[in-house]
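Accompanying notes for the structure given below.
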Amino acid sequence: MRVNSLSETDSPLELSTQQRARAMLGVYAVLFLLGLETTIGGSILPLAANELHGLERFPLTGTLQMLASACATPITARLGDMYGRKRLLRGSIALLCLAGIGSAMALSMDQLLAMRVLNGIALGMMAATAFAVPADVFPDPAQRVRWQSVSGIMFALSSSIGPLLGATLSDAFGWRSSLFVVPVVGIPVLMVLCFIPPNRTVHIQPQRFDVLGGGLLCVFIVSSLMALQERLGDVRSIASFVGWWLLCGLVLTSLWRHQLRVAQPILALDILLNRGARQIIFSTLLSGAVLFILFFYSPTLLHTVGGLSMVEAGVAMIPMLVGMPVGSVLNGLLFRRQRRPQRLMALGALLLFSGCGLLSLLAPGSSSGYIFTSFGLCGLGLGVINQNQMLFMQMAAPAQHVGSATGLISTARTYGGALGSALLGLALGVSAIDHALSVGLLFSVIASALLIPLSLRLHLH
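Residues 2 to 462 (this note's numbering) are what the sequence shown spells out, left to right.
Dropping the structure here:
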């Protein structure tokens with residue numbers, strides 16, 4: 002595809018207060034919908050797979066969604082930088098609604114899996130566009146961070162509503178009714194997005210989307226994530242593991258050589274060559290792994306080590322879910338007062354380190370206050386860290402590549418989660434579950450400790 006322009010959004014000097022408010026209202030609506038999709042889909046899909054006689058293939062729903070989302074994110078991010086984000090954002094919502102309707106009407110497991118692929122593409126498009134819009138509207142980070150802090154509240158609000166709403170509808174009308182929630186809510190979200198101010202095109206030079214680079218990047222993402230997901234056990238799994246990594250290495254070599262030759266590379270090399278950007282990406286890998294371990298394995302930890310029931314374990318995690326948006330809001334209030342905002346991210350890392358350290362000392366009979374405090378500290382720390390990583394990455398990137406920079410953070414977080422999953426999978430393969438969980442927590446303590454000096458040494462322009 003060839004265009005004669007490179008898209009950049011208007012600066013705040015060219016947007017009225019009303020236009021900026023409309024743009025951010027659209028972002029909040031998208032994030033509210035994202036929270037509903039994440040929580041309802043995760044709780045209802047096992048019921049759907051069971052009724053469609055495909056429970057043994059249920060793990061594929063998550064794998065296919067993750068791969069599709071990881072591939073769609075950098076592609077959409079680059080397209081957003083070139084063509085503008087409004088149409089892509091509306092397209093992602095429309096695709097998400099289509100996937101929701103298709104999932105609700107699925108008559109076989111194959112159809113459900115196909116819809117999860119579409120769902121993953123839509124989620125990747127949303128991540129690449131919605132989080133980049135604030136940078137278009139507010140180039141000044143001090144202004145942007147205040148508006149972005151509300152995003153966490155919207156996501157947390159819908160995430161708390163989603164499980165209850167999904168369970169209520171499923172009990173009353175069956176699992177299919179729950180999957181219609183996102184398409185129904187998506188209609189007014191699309192209407193809100195119609196009022197977002199359009200991007201204004203700035204003519205810089207002829208642009209050509211790097212189709213070959215995009216294809217190679219997708220193959221690299223799929224092969225590397227599949228390699229990280231492989232569980233080593235027998236000869237066949239080891240051969241598959243080695244095969245995926247060989248393919249990953251070959252594709253990466255071809256991709257890098259291609260990127261050095263092409264005029265407008267898909268990877269936006271000026272970001273990757275920026276020292277500060279590389280530091281932020283590394284920090285996102287670490288925090289993404291910790292986030293995955295805490296979210297997906299903490300209930301098991303509390304059940305096996307702390308002696309709590311699974312219901313009590315779920316309740317014990319509420320402080321972390323509440324702490325993340327609270328940390329985001331506090332970060333927004335404090336950011337403007339900091340000459341070196343890196344200190345805020347270091348503070349978040351210190352809070353995360355403290356929470357993970359307390360969890361690593363969890364023992365049978367630990368009090369509820371001890372557990373709540375541990376998860377609350379983790380939530381506050383992650384809220385501060387996640388927001389600053391996105392903000393710092395956008396600050397490090399040139400204005401014409403802010404979407405690609407935002408997409409890199411989302412992709413790095415996905416890889417961080419895959420690394421956390423691979424670490425715990427390896428530990429579970431060689432030791433009992435309680436020892437494997439201890440290994441995961443030890444890694445979380447070390448990773449959060451590394452984030453403290455890394456945050457202080459970040460190079461920001």
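Even glycine gets a Cβ: it sits at the ideal position worked out from N, Cα and C. If you're wondering where the values come from, they're calculated on a predicted model, not measured in any experiment.
Contact annotation: the region 397 to 412 does not touch the region 293 to 302, with fewer than three C-beta pairs closer than 8 Å. Non-local C-beta neighbours of A437 in its own chain, meaning closer than 7 Å and more than five positions away in sequence, comprise L425, A428, L429, ordered along the chain. For the pair V312 and Y298, the Cα-to-Cα distance works out to about 14 Å. For R276, same chain residues with a beta-carbon under 6 Å away, outside a window of 5 residues either side, are H460 in chain order. If you compare the alpha carbons of A419, L108, V316 with that of G289, the shortest gap goes to A419. Remark: C-beta atoms of V193 and G27 approach each other more closely than 7 Å. Annotation: L353 to L442 spans about 12 Å, alpha carbon to alpha carbon. In this structure, G408 sits near A129, with a CB-CB distance shorter than 7 Å.
Residue burial is scored here from C-beta neighbours: I188 has fewer than 16 other C-beta atoms within 10 angstroms and is therefore classed as exposed. For C195, the number of other beta carbons within 10 angstroms of its own is below 16, and it is reported as exposed. Annotated as distal: P326 and I45, with beta-carbon spacing of 7 Å or more. In the three-state scheme derived from DSSP, where H, G and I count as helix and E and B as strand, P198 is classed as coil. Taking a contact to require three or more Cβ pairs closer than 8 Å, the region 168 to 188 and the region 33 to 48 qualify as touching.
Across the structure, L114 and C249 are spaced so that their CA atoms are roughly 25 Å apart.
For a cut-off of 8 Å, the C-beta gap from M126 to T77 is around 4 Å, short enough to register as a contact. Between the alpha carbons of P199 and L229 lies a distance of about 40 Å. Closest by C-alpha distance to V252, out of I239, S224, S238, is S224.
Rounded to whole angstroms, the Cβ separation of F373 and G356 is 11 Å, and the two are not in contact under 8 Å. For D435, the enclosing alpha helix (DSSP H) stretches over residues 434 to 457. The Cβ atoms of L359 and V306 lie no closer than 7 Å to each other. Excluding the 5 residues flanking it on each side, V138 has same chain C-beta neighbours closer than 6 Å at R21, A24, in chain order.
Rounded to whole angstroms, G214 and R258 show a C-alpha spacing of 10 Å.
Of all alpha-carbon atoms in D82, T285, A314, the one lying nearest the alpha-carbon of G421 is that of T285. The region 29 to 86 contains, as complete alpha helix (DSSP H) runs of 4+ residues, the segments 60 to 84 (chain order). If you compare the alpha carbons of Y371, P140, S241, G101 with that of A397, the shortest gap goes to P140.
Look at the region 323 to 395 and you find these whole runs of alpha helix (DSSP H), each 4 residues long or longer: 343 to 361.
Out of G404, L455, L124, the CA that lies nearest to the CA of M83 is found in G404. Between the alpha carbons of A317 and S369 lies a gap of roughly 8 Å. Under the three-state reduction of DSSP, E231 is assigned to coil, being neither helix nor strand.
Looking from the CA of R147, the closest CA among F210, S449, S432, N389 belongs to N389. Straight-line spacing of the CA atoms in Q395 and L322 works out to 25 Å.
DSSP places D172 inside the alpha helix (DSSP H), whose first and last residues are 142 to 174. Around the Cβ of S310, a 10 Å sphere holds fewer than 16 other Cβ atoms; the residue is exposed.
In this structure L274 is exposed. Its beta-carbon is surrounded by fewer than 16 other beta-carbon atoms within 10 angstroms. Pairing P184 with L392 gives a Cβ-Cβ distance that is not under 7 Å. Between L165 and G63, the alpha-carbon positions lie close to 21 Å from each other.
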